[in-house]
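Visitor:
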Amino acid sequence: MKDKPEILAFLCNWCSYAGADLAGTSRISYPANVRSVRVMCSGRVEPSFILNAFMNGIDGVLVSGCHPNDCHYISGNLKAEKNVKNTKKILQLLGLGPERLRLEWVSASEGQIFANVITDFTAKLKKMGPNPLEKKHDLKETSVNRESISEVIENTNIRLCLECGKCSSSCPITRMNPAFSPRMTVKRILNGAEVSVYDPGIWACLTCGLCQERCPSDVHYVDFVRACREKARLMGATEPCAHKDMLLDLQRIMANPKINQKRLGWLPKEAAVSETGDILYFVGCLPYFDVIFNDIKANSIETAKSVVKIMNKVGIEPVLLRNERCCGHDLYFTGDTENFEKLARMNVDAIKQAKVKEVVTSCAECYRTMKLDYPKIVGDLGFEVIHVSEFLANIIEKEQLEFPEVFKDKKVVYHDPCRLGRHMGVYDAPRSVIKNIPETDLLEMERNRENSLCCGVNSWLNCGKVSKQIQLDRLTEAKATGAEWLITACPKCQIHLKCAMNGELPVKRSKIDVKLYDLPVLVEKALDRKRSRSK
Amino acid sequence: MEEQKNEEKVTEAQKRQTEPEELRIGVYVCHCGKNIAGSVDCEEVSKYASTLPHVVLSKHNLYSCSDPGQESMKKDIIENKLNRVVVASCTPRLHEPTFRRMCEEAGLNKYLFEMANIREHCSWVHLYEPEKATEKAKDLVEMAVAKVALLKPQKEAVVPVTRKALVIGGGVAGIQAALDLGDTGYQVYLVEKSPSIGGRMAQIDKTFPTMDCSICILAPKMSDAGRHPKIELLANSEVLEVSGYIGNFKVKVKKKPRYIKKECTACGDCVEVCPVEVPNEFEEGLTYRKAIYIPFAQAVPALYLIDEKSCLGIGDNTCAKCKEVCGPDAIDFTAKEEIVEIDVGTIIVATGVDVFDPAALTEYGYMKYPNVITSMEFERIINAGGPTGGHLTRPSDMKLPKNVAFIQCIGSRSLSDKKGHTYCSNVCCMNTIKDCLLIKEHWPDIKLYVFYMDIRAFGKGFEDLYKRAKQAGVVFIRGLPGEVTENKGNHNLILVGEDLTSNKFYKMETEMLVLSVGIEPRADSSVIQRLLTLSKTSDGFFMEAHPKLRPVDTPTGGVFLAGCAEGPKDIKDSVTQASAAAGRAGILMAKGSVTVEAITSMVDIDKCVGCGLCTKVCPYNAITVDKETKKAVVVEAACAGCGTCGAECPFGAIQMRHFTDEQINKQIDAATRENADKKIVAFCCNWCSYAGADFAGVSRMQHPPNARIIRTMCSGRVATKFVERAFRNGAAAVLVAGCHLNDCHYINANYQTKKRVEKLWSKLDKLGIDKNRLQLAWISAAEGEKFASKIKEMEKIVEGVTKVEIEKTVVALAPKKVKKED
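Chains as they are written, first to last, in our numbering: chain W, 240 to 774; chain F, 47 to 868.
(1) Which residues bound the beta strand (DSSP E) around W:Phe-528?
(2) Determine the extent of the alpha helix (DSSP H) in which W:Trp-442 is found, giving its start and end residues.
(3) What are the residues in the region 522–554 of chain F lying within 7 Å of chain W by C-beta distance?
(4) Select from the region 456–475 of chain W all residues with a C-beta closer than 9 Å to any C-beta belonging to chain F, and list them in chain order.
(5) Going by C-alpha distance, which of W:Ile-709, W:Cys-602 and W:Asp-575 is nearest W:Gly-523?
(6) Is there a Cβ from chain W that is less than 8 Å from the Cβ of F:Met-413?
(7) What are the residues in the region 403–414 of chain W lying within 8 Å of chain F by C-beta distance?
(8) How close, in whole Å, do the beta carbons of F:Ile-292 and F:Ala-683 come, if the pair is a contact with beta carbons under 8 Å?
(9) Name, going along the chain, the residues of the region 440–459 of chain F whose beta-carbon falls closer than 8 Å to a beta-carbon of chain W.
(10) Leaving out five residues on either side along the sequence, give the residues of the same chain with a beta carbon under 6 Å from the beta carbon of F:Gln-709.
(11) Identify each residue in the region 686–709 of chain W for which the Cβ-Cβ distance to at least one residue of chain F is less than 9 Å, and report them in chain order.
(12) Which residue or residues does DSSP assign as beta-bridge partners of W:Asp-680?
(13) Just to confirm my understanding: we take W:Ala-443, look at its own chain, exclude 5 residues before and 5 after, and list those with CB closer than 7 Å. What are they?
(14) Considering only C-alpha positions, which residue in the set W:Ile-357, W:Val-553, W:Glu-743 and W:Val-645 is nearest to W:Ser-255?
(15) What do you reckon, are the CB atoms on F:Phe-729 and F:Ile-756 nearer than 8 Å?
(16) The alpha helix (DSSP H) with W:Ser-407 in it runs from where to where?
(17) Spell out the partners DSSP gives W:Leu-340 in its beta bridges.
(18) Count the other CB atoms, across all protein chains shown, that sit within 10 Å of the CB of W:Asp-569; report buried if there are 16 or more and exposed otherwise.
(19) Taking all protein chains shown into account, do 16 or more other C-beta atoms lie within 10 angstroms of the C-beta of F:Arg-273, making it buried, or fewer, making it exposed?
(20) Verify the CB distance criterion: does F:Thr-478 have a CB-CB separation below 8 Å to chain W?
(21) Comparing alpha-carbon positions, which option in W:Asp-260, W:Gly-336 and W:Leu-711 lies nearest W:Cys-693?
(22) Give me the Cα-Cα distance between W:Asn-316 and W:Ile-535, rounded to the nearest whole angstrom.
(23) Does DSSP put W:Leu-592 in a helix, in a strand, or in coil?
(24) May I ask you to list, following chain order, the residues of the region 169–195 of chain F that have a beta carbon less than 8 Å from some beta carbon of chain W?
(25) Could you tell me if W:Gly-440 is buried or exposed, where buried requires 16 or more neighbouring beta carbons within 10 angstroms of its beta carbon?
(26) Against chain F, with Cβ distances strictly below 8 Å, would W:Cys-454 count as a contact?
(27) Does any CB atom of chain W fall closer than 8 Å to the CB of F:Lys-836?
(28) Which first and last residues belong to the beta strand (DSSP E) in which F:Met-702 is found?
(29) Within the same chain, show all residues whose beta-carbon is closer than 6 Å to that of W:Asp-757, passing over the 5 residues directly before and after it, in chain order.
(30) Would you decide whether F:Phe-417 is buried or exposed? Buried here means 16 or more other CB atoms lie within 10 Å of its CB.
(31) Name, going along the chain, the residues of the region 398–430 of chain F whose beta-carbon falls closer than 7 Å to a beta-carbon of chain W.
(32) Using beta-carbon positions only, say whether W:Glu-469 and W:Gly-574 come within less than 8 Å of one another.
(33) Note the first and the last residue of the continuous beta strand (DSSP E) segment covering F:Arg-146.
(34) I'd like to know whether the C-beta atoms of F:Glu-284 and F:Val-299 end up nearer to each other than 8 Å.
(35) Would you report the Cα separation of F:Pro-341 and F:Gln-233, rounded to the nearest angstrom?
(36) Who are the near neighbours of F:Thr-718 in its chain, counting only those whose CB is closer than 7 Å to its CB and skipping five residues on each side?
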């Protein structure tokens, strides 16, 4: 039985670790429930390390570095400060309590201070109580065998592959990296070759569905890849996740029933929401994205605020779940079905309890997951799931929204998200919404509708050179239409495209600098009479 | 002297059969060498048969079907004055005609004969259980004897066949069929929907593999058909209604008005002045025609016509520019359609195909990029009579392209619904090879690329043509492009794909792209389908009666198929099939009459109340309720003998000859007389499940000997009361087996079977009877394995049924009222 509370302390080599050493040399006592991890600089400590610690049951995390202006690496400690600030916000949202994470400046001479910090932290943690999460035990390990793959092969029409090559020549990843090929992945698996559980054929895929859209043999490639990932995980593979698994671990934390989130803080004071009603707004991970991606100014939470504002405008007070959990799309698509099922059941139970008729979501992935994948787990949902673009198209058709003349001949272009477009067949609703906003000129990219190019990243996997190329390609295409604004209908697309525009670019900024707007934000802007007056 | 004696004997024999008299049944149990005798004790079965009622003679012989075997049986029939014969041997599907003929030769009506299948259904499948096999054989003989006792002599109706034929569709297949029939001397009506005959072949430039000019070889045939003394050409006409039956069809044809009188001299002045321009269908929309036009230069009939949809002079409109300049005053805006009624004996369906529209494959940019065209459009471009005078020009700038790419399998071999059809369209590979050679012939410097999945060059001379194309320098690349984009500057197309033989990706710019589109059934083929009660196979083409042995017949008597209406094929195969169809139709018309097998239905007008239930289920519309007598009337020649009407009739007022209720009931009784609690009564349809059981026999697939098969022509014959009777007699289980849904030999009668069995299940449930004891199976003639498995599966059910359950069933199904039931 470990000594509660468990504290994990990240100590920077030059100052804080030395300070702890001094406490030792000076024989200063402090509680024995702290475990130290030495890092060269406190700036090394990423939010993913901290979240991982909490996910595995640690009660408190201490990040300690040199005093500001004294950092051995000039400004590493300032980065640590920012990281801790953001992670605190996440812990706040998760309901774990930001006080479980502590940032301290301890110099090499401050041995007593170090001991005091530990003593104080321990006392405070004792009062807070233990971390509701517990260390997860190992994943089931099964032996590697092809039979487990064979069911997947039969159900997804893989055998019918005619080897025509349309998939590989359509695939955006193959375009950037010819070593990857959907066709060759299928061929290798069908021919019984030894396929490593880390095979890029399985993990590099964007699951965008462009290949299966064009395949004459009706191969369900997306399902195939997802199922392979599931099998690979059971055989011990872990996904090659960007952000060091932070986003996926966040979802795994939310899958724990003991988590009690505090996630409605973003609601503006004047917003009207209700405990009961016909319509529920499923916010998704927007509050978390807002924190995690604020350095690229993703402003994800603006989408949620806009949706609620628009709903209020047409007289709807949406139900918002207090403890809404991630829909689990990313866990589903990285093969972590165990945790996905937990999330699915908890979300559906909570929604059913709210007795709503319709669930509106502003994320294309939540839409697909709830509408298509949840019924596979829970059967008949008992409520309708619609995407915010369909909701908006509906109320616009019923003439419930009045648009003042806000935009003068604004050229905009719409990007079809994979999950909304190819996966679920919704192409027209977002377009009809945009067209109904006065004075917008909706342009189309060459690769639109079912030929739309993916935003470059699937479930936070692999984000690297290839993803960046795809994103820049897409932004160039958007800008080349002559549009000023690029409209998205999925917060993930927003984040990935914005991220590509951030920082140094291998192309001239003028070639890609379209302004990104999420659809609900665009609509809300268009309703703002104040703007028209100021113009 | 001897002959006269035999003749007398024969007449006597015939008298014996028709007058009610003493039944004298002869039973022959065949050894079939060791095939039956190896597991069945034929002598014992023969002895048993002699104890059955009315059996006066029971023998066992070595090879009944052999000449000596048949001679000996014939002698017996005559000498012993037999008036009913049972042969227990192989499947009736093999030798019923043989033995029937033998009976006829002995003076016995051939319908007074029945077979017991103790080989395919018994000795071959119970090789290791000789006692049980012998018991089963005894039962099967008893069932046959019970039925034969009730059989009545039948006369086969002879229906005259009108010696005239209707050919629907004036493409090369229709033309060929019409010519063949006309040359034989029959009157032929050739009905063509469009203003001219010629079809797709008239549009094509050259044909493979000979590189003949298509219209050059077709036009003489068109012209022959046009002026053939025996062919009445009804172009610009549609078939409205078809009634009747084999040999006696009444057809209504609508002749659409041309608005041009016969005074027309084809001077063409009207065309000059007409203000309306619409896309030219013959030219695949590549150029215009006027509202007044002639379809193409070689049209047959060579008549102008006005397209009423686009003309501004017909109806309320007032344009009359053409009329003003028409010298012979041949234009008549007031012309009306004409309905013609014709009587024909046979019909040939040659309605042809449409070409797949590749707009659905958005990745290829058809209709988005001007230089992407279909192979059919290419035909018109390269044709000297086409809109470019035969010059290969690309649509965007009318210049000769330096390179042309072809993409194969557009709309074919596609399992995904949205992208086309699942089948291979047969002609596109060769068509592209031909196109390439055409281009190389005129412009050897143009670079050609063909992107394919497979090259299908299967016919005579095809492989040679393929070789020639390769030698001419055409580059064949295995691997279809994933997408096509356009170079906005010069409208060139950029293809990105994977070369599968080298596993390398290519990005190629080409000046022109031809999509090698597949062919699909005509959009309006369902109209013809309904008119003639035809079936379609899953690919949408019309279904042939048997894919191997009757490729141009349809299940509907007197209706034949020719050309692409039956499936994608090239000109040679279309012409071959057309001649075949003409031959088949010719057989009927040459004979001048057709005998209808006497298994048709007959109405007992005393019992009939005119409710019309039978008319609703007949797949051939062969029954109507007479408006005056209010009784059902069966057109025998149209009746195919499925028996669904008999099963549906709640009053027993319609009976199937040779498969009457009484006969089937007696078979059920015979099967369940002893040890019913260990038996399965299996109703199998003649065409599929009985044949499936035969196949199990031929393949020696062993299964438990507990099934007693009763043959009906169609599973639709199996009435609810038969199943109930079997259960009431104490049977452990009942199997109703038929063709797979959509494969029914009688088009859709098995859907009635399905409905009936489902209702029965509910009834059994309500009565507290285990509904698993009634099984429904769709077993095709090729599914011997499935039949054997089914029997094995049902054996478990039989073993699990207790005597108590059976008693309960008997009580529950006891007739409520004492109704006179047979």
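Yeah, the Cβ is synthetic: ideal placement off N, Cα and C, and Gly gets one too.
Note that the structure is a prediction, hence the values are computed from the model and not measured.
Guide: Put simply:
(1) First-last for W:Phe-528: 525–531, but that is the alpha helix (DSSP H), not the beta strand (DSSP E).
(2) 439–442
(3) Gly-525, Leu-526, Pro-527, Gly-528, Glu-529, Thr-531, Val-542, Gly-543, Glu-544, Leu-546 and Phe-551
(4) Ser-456, Asp-457 and Val-458
(5) W:Cys-602
(6) no
(7) Cys-403, Gly-404, Lys-405, Cys-406, Ser-407, Ser-408, Ser-409, Cys-410, Thr-413 and Arg-414
(8) 6 Å
(9) Cys-455 and Arg-459
(10) Lys-193 and Leu-196
(11) Arg-686, Arg-688, Glu-689 and Asn-690
(12) W:Lys-650
(13) Ile-412, Phe-419 and Asn-701
(14) W:Ile-357
(15) yes
(16) 405–409
(17) W:Val-300
(18) buried
(19) exposed
(20) no
(21) W:Leu-711
(22) 21 Å
(23) A small correction: the amino acid at residue 592 of chain W is Gln; Leu does not occupy that position in the sequence shown. If DSSP states are grouped into helix, strand and coil, W:Gln-592 belongs with the helices.
(24) none
(25) buried
(26) yes
(27) no
(28) 700–702
(29) Thr-542, Thr-727 and Gln-733
(30) Looking at the sequence provided, one finds Asn at residue 417 of chain F rather than Phe. Classification of F:Asn-417: buried, given that the 10 Å Cβ count is 16 or more.
(31) Thr-408 and Glu-409
(32) yes
(33) That residue, F:Arg-146, is in no beta strand (DSSP E); its alpha helix (DSSP H) goes 138–151.
(34) yes
(35) 27 Å
(36) Lys-725, Val-727, Ala-772, Asn-775, Gly-776 and Ala-777
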